[in-house]
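>
Chains as they are written, first to last, in the numbering used here: chain A, 1 to 469; chain B, 1 to 265.
Next up, the structure:
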């Protein structure tokens, strides 16, 4: 094979196109008190939220950069260069006709309206800092389900938001949570009333268009007692030579007996720094599942967390990460068992190729009174070549003697023998490798709705093209 | 039980003075072997004599390097073909230790293999019917179709799946690497039955084994004794019986007769 960068071949990023910048307003570069006040004023926020933002800004400034993950890239972030708020349109549409043509065309290219027609109960589409399109099926709205962008949520449900906002992830949780708390815009507010089961998924789609842009969406999902919901998010951005920053905060609260599944298929372009904080609280008999697919980005640092605070609460984190040339996926999971008979399962799978680096970073903590807690952690890494890298940083803090803990970690290389076996059945080398990779992620893919499973397989095939010659 | 061998027909496989090894070590030291259409050859020998290496070299395993000699398959230079091309040209290897490919369901693997080897897609319904018949033929339960390829399979299950692939892919020449090892008598009968039906359907076979018992079910036309990297004796089915009663020791080559390097290499 010619010595070309594989990403110059067919495996290039398909969503890397950019629209002309037609934004109606943006703040100046950098973040200070004036910019924060400006964002809050544009949104007409109550004073408590402005104070929340200003406190968070102070925390962001005081807080040092994390000393783990990828220090080199983190230390290279120039926070003064970033534009923190970009308003792409004057108002939000509830039909696609109301969305400005250029932006609508983008979402058409990404297949969002089509997906909405086919299999979604509601859609939120965020472009830069604001949600430009939002819809929910009447039937679901009639059941009392609230599905809004976060800004509208704050306006229309101020008491609920004030009560829960920032309670799962406080603004001083980490530097990027502080940054988000100061500059947040957009995201989703979702409330599912007691006993309501939303049977088909709701989806949010996040698109960054501008270069040097920071997207700081903020999501709060509340599933009341005995309810259930499946929320899916997807993300893409154009390919630029300079980095864009995506620092979301996602808070989930599953009340007694509720169930939340949160699925992410992230496919950022290779210039996005994806530094996201995601955490859930699961009360008595509640279930929270994070299904997290990490493709793309230059650096992802993301560790979906679940705090099991009620007896018999269950948590599951199922993730895959694909690290190609020049990419570092530092992903993992965090589960705190703070009540008896709680159960957690962590399954993390990573694939590295072309010198990509995938790390699993995990923490499982069992409190002294979490009797009968069950923990199962499984991390599998698949290396496609010698130049690629996989690291595992598992931490277990078990303070309860009768907890049952299982931990397994494997690192495998796509073996000559596997490839030989498949080729001896007529597959080409490329087909054989892809078959092995698809088999490796099968436990993840089978948890996805069919349409997303097909899409993920397609993305993996694109990532893999040109990997062997 | 076996199909008619075509005496005097053009050979399917011609191996001439084949030398090969791995990691600087020479294992095959001048193998000669000619297989004609419909023939069943048994290659017998002790563990470690290089018989499995021969099947892997013929299939093109990248761990082995050919150091000398030539191999023609259906008139083409086999050594210039890659593994995929060999499979598509009609060569098949039933592995002694098939590897697991977790997450890949047996049925989708078989369909992909069938498509790859035959060069055309088999309609889903036709494929299901073919698969069900082949499963029944080899005493494999239907639930097998959704299990992951060789993942957690018993030795017997793996061997059945290898023979199932032999039946489905209908190669011109099948190399069977100790397909009889590790099987109880019932499994051996089932597996042998599958092999015999392939032979009846016209598949030529090179069967590598160190037991005589499979030869009760699959009658070879030619038996070769493999010792220290080459064939030291060739005979009919009676040679296998002789090996069974006398063992291999009487065939050991006198010291110093093994050549020191590939001829002409």
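All residues carry an ideal CB built from backbone N, CA and C; glycine is no exception.
What first and last residue would you give for the beta strand (DSSP E) that runs through residue 446 of chain A?
Position 446 of the first chain, counted from the first residue, corresponds to residue 446 of chain A. Residue 446 of chain A -> no beta strand (DSSP E), and no H or E assigned at all.
> Quick check on residue 3 of chain B: does DSSP put it in helix, strand or coil?
Locating residue 3 of chain B in the second chain gives position 3, where the first residue counts as 1. At residue 3 of chain B, the pLDDT of 46 sits below 50, so the modelled position is not reliable and the matter cannot be decided from this model.
> Give, in chain order, every unbroken run of the alpha helix (DSSP H) that is at least 4 residues long and sits entirely within the stretch 357 to 443 of chain A.
DSSP runs (the alpha helix (DSSP H)) wholly in the stretch 357 to 443 of chain A: 416 to 423.
> What does the alpha-carbon distance come out to for the pair residue 214 of chain A and residue 247 of chain A?
Indexing the first chain from 1 puts residue 214 of chain A at position 214. Indexing the first chain from 1 puts residue 247 of chain A at position 247. One C-alpha to the other measures close to 8 Å.
> Quickly, what does DSSP pair residue 288 of chain A with across the bridge? List them, please.
By 1-based counting over the first chain, the position of residue 288 of chain A is 288. A:260, A:315.
> Does residue 63 of chain B get closer than 8 Å to chain A when you measure Cβ to Cβ?
Here residue 63 of chain B corresponds to residue number 63 of the second chain, with the count starting at 1. Yes, because at least one Cβ of chain A sits closer than 8 Å to the Cβ of residue 63 of chain B.
> For a contact defined as C-beta to C-beta under 9 Å, what are the partners of residue 87 of chain B on chain A?
Your numbering for residue 87 of chain B matches position 87 in the second chain. 423, 424, 425, 426, 427, listed in chain order.
> Check the C-beta distance from residue 331 of chain A over to residue 306 of chain A and give it rounded, since I have them as a contact under 8 Å.
Counting from 1 along the first chain, the entry for residue 331 of chain A is found at position 331. Counting from 1 along the first chain, the entry for residue 306 of chain A is found at position 306. 15 Å between Cβ atoms; not a contact.
> Counting along the chain, where does the beta strand (DSSP E) carrying residue 234 of chain B start and finish?
Reading the second chain from its first residue, position 234 is the one you call residue 234 of chain B. Per DSSP, residue 234 of chain B belongs to the beta strand (DSSP E) from 230 to 235.
> Could you say which of A:153, A:190, A:456 lies nearest to residue 122 of chain A if we only look at CA atoms?
Your numbering for residue 122 of chain A matches position 122 in the first chain. Nearest C-alpha to residue 122 of chain A: A:190.
> Confirm, please, whether the CB-CB distance from residue 310 of chain A to residue 356 of chain A is below 8 Å.
Taking the first chain and counting its residues from 1, one reaches residue 356 of chain A at position 356. Taking the first chain and counting its residues from 1, one reaches residue 310 of chain A at position 310. The answer is no: Cβ separation not under 8 Å.
> Under 9 Å Cβ-Cβ, which residues of chain A neighbour residue 148 of chain B?
Taking the first residue of the second chain as position 1, residue 148 of chain B is located at position 148. The contacting residues are 439, 442.
> Which of helix, strand or coil does DSSP assign to residue 55 of chain B?
If you number the second chain from 1, residue 55 of chain B lands on position 55. If DSSP states are grouped into helix, strand and coil, residue 55 of chain B belongs with the helices.
> Can you give me the C-alpha to C-alpha distance between residue 262 of chain A and residue 275 of chain A, rounded to a whole angstrom?
Along the first chain, one-based indexing puts residue 262 of chain A at 262. Along the first chain, one-based indexing puts residue 275 of chain A at 275. Each residue's Cα considered, the two are about 17 Å apart.
> Short check: CB of residue 318 of chain A to CB of residue 351 of chain A, under 8 Å?
Position 318 of the first chain, counted from the first residue, corresponds to residue 318 of chain A. Position 351 of the first chain, counted from the first residue, corresponds to residue 351 of chain A. No, they are not a contact pair.
> To the nearest angstrom, how far is it from the Cα of residue 394 of chain A to the Cα of residue 345 of chain A?
The sequence position of residue 394 of chain A within the first chain is 394, counting from 1. The sequence position of residue 345 of chain A within the first chain is 345, counting from 1. When rounded, the distance between both Cα atoms is 14 Å.
> When the Cα of residue 234 of chain A is compared with those of A:111, A:279, A:61, which residue comes out closest?
The residue labelled residue 234 of chain A in the question sits at position 234 within the first chain. Answer by Cα proximity: A:111.
> Skipping 5 residues on each side, what residues in its chain have a beta carbon closer than 7 Å to that of residue 59 of chain A?
The residue you call residue 59 of chain A lines up with position 59 of the first chain. Only 171, 172, 178 meet the Cβ criterion.
> If you draw a straight line from the alpha carbon of residue 27 of chain A to that of residue 206 of chain A, how long is it in whole angstroms?
Working through the first chain from its first residue, we reach residue 27 of chain A at position 27. Working through the first chain from its first residue, we reach residue 206 of chain A at position 206. Cα to Cα, the separation comes out at about 20 Å.
> Are three or more beta carbon pairs between the stretch 65 to 73 of chain A and the stretch 183 to 200 of chain A nearer than 8 Å?
Taking 8 Å as the limit for Cβ pairs, the verdict is that the stretch 183 to 200 of chain A does not touch the stretch 65 to 73 of chain A.
> Sort A:139, A:55, A:132, A:184 by Cα distance to residue 154 of chain A and report the nearest one.
Residue mapping note: residue 154 of chain A aligns to position 154 of the first chain, counting from 1. It is A:184 whose Cα lies nearest to the Cα of residue 154 of chain A.
> Is it buried or exposed, residue 255 of chain B, if we count other Cβ atoms within 10 angstroms and call 16 or more buried?
Translated into the one-based positions of the second chain, residue 255 of chain B becomes position 255. Interpretation of residue 255 of chain B is limited by its pLDDT of 47, a score under 50 that renders its predicted location unreliable; the figure taken from the coordinates is listed afterwards. Under this definition residue 255 of chain B is an exposed residue.
> Less than 8 Å between the C-beta atoms of residue 96 of chain B and residue 52 of chain B, yes or no?
On the second chain, position 96 is the one that residue 96 of chain B refers to. On the second chain, position 52 is the one that residue 52 of chain B refers to. Cβ distance < 8 Å, so residue 96 of chain B and residue 52 of chain B count as in contact.
> Any idea if residue 150 of chain B is buried or exposed, counting beta-carbon neighbours within 10 angstroms, 16 or more meaning buried?
Within the second chain, numbered from 1, the residue matching residue 150 of chain B stands at position 150. Under this definition residue 150 of chain B is a buried residue.
> Among the residues of its own chain, which have a CB less than 6 Å from the CB of residue 168 of chain A, if the five just before and after it don't count?
Against the first chain, residue 168 of chain A aligns to sequence position 168. Contacts found: 251, 279, 281.
> By the three-class DSSP mapping on this structure, what secondary structure does residue 101 of chain B have?
As a first step, residue 101 of chain B must be located in the second chain, where it is residue number 101. Residue 101 of chain B: coil per DSSP, three-state reduction.
> Quick check on residue 259 of chain B: does DSSP put it in helix, strand or coil?
Here residue 259 of chain B is taken as the residue at index 259 of the second chain, counted from 1. Note that residue 259 of chain B scores 41 on pLDDT, short of 50, meaning its location in the model is unreliable and no value can be drawn from it.
> Taking a Cβ distance cut-off of 7 Å, strictly less, list which residues of the stretch 97 to 128 of chain B are near chain A, in chain order.
So the close ones are 98, 99, 101, 102, 103, 104, 112, 113, 116, 117.
> Ordered along the chain, which non-local residues of its own chain (more than five positions away) have a Cβ less than 6 Å from that of residue 101 of chain B?
Position 101 of the second chain, counted from the start, is the residue given in the question as residue 101 of chain B. These residues qualify, in order along the chain: 149.
> What is the rounded straight-line gap between the Cα of residue 74 of chain A and the Cα of residue 285 of chain A?
Along the first chain, one-based indexing puts residue 74 of chain A at 74. Along the first chain, one-based indexing puts residue 285 of chain A at 285. Taking the straight line joining both Cα atoms gives about 39 Å.
> Quick test of the definition: if touching needs 3 or more C-beta pairs under 8 Å, does the stretch 77 to 90 of chain A touch the stretch 114 to 129 of chain A?
These segments touch.
> Quick one: is residue 22 of chain B near chain C, going by C-beta distance under 8 Å?
Absent from the structure is chain C; the protein chains it does hold are A and B.
> Do we get a CB-CB distance below 8 Å when we pair residue 218 of chain B with the residues of chain A?
Taking the second chain and counting its residues from 1, the one referred to as residue 218 of chain B is at position 218. Judged by the 8 Å Cβ criterion, residue 218 of chain B is not in contact with chain A.
> If I measure Cβ to Cβ from residue 66 of chain B and keep anything under 6 Å in the same chain, skipping five residues before and after, which residues do I get?
Reading the second chain from its first residue, position 66 is the one you call residue 66 of chain B. Here the set comprises 20, 79.
> Opposite residue 92 of chain B in the DSSP bridges: which residues?
Taking the first residue of the second chain as position 1, residue 92 of chain B is located at position 92. B:174.
> Alpha carbon to alpha carbon, what distance is there between residue 418 of chain A and residue 454 of chain A?
The sequence position of residue 454 of chain A within the first chain is 454, counting from 1. The sequence position of residue 418 of chain A within the first chain is 418, counting from 1. The straight-line gap from Cα to Cα measures roughly 24 Å.
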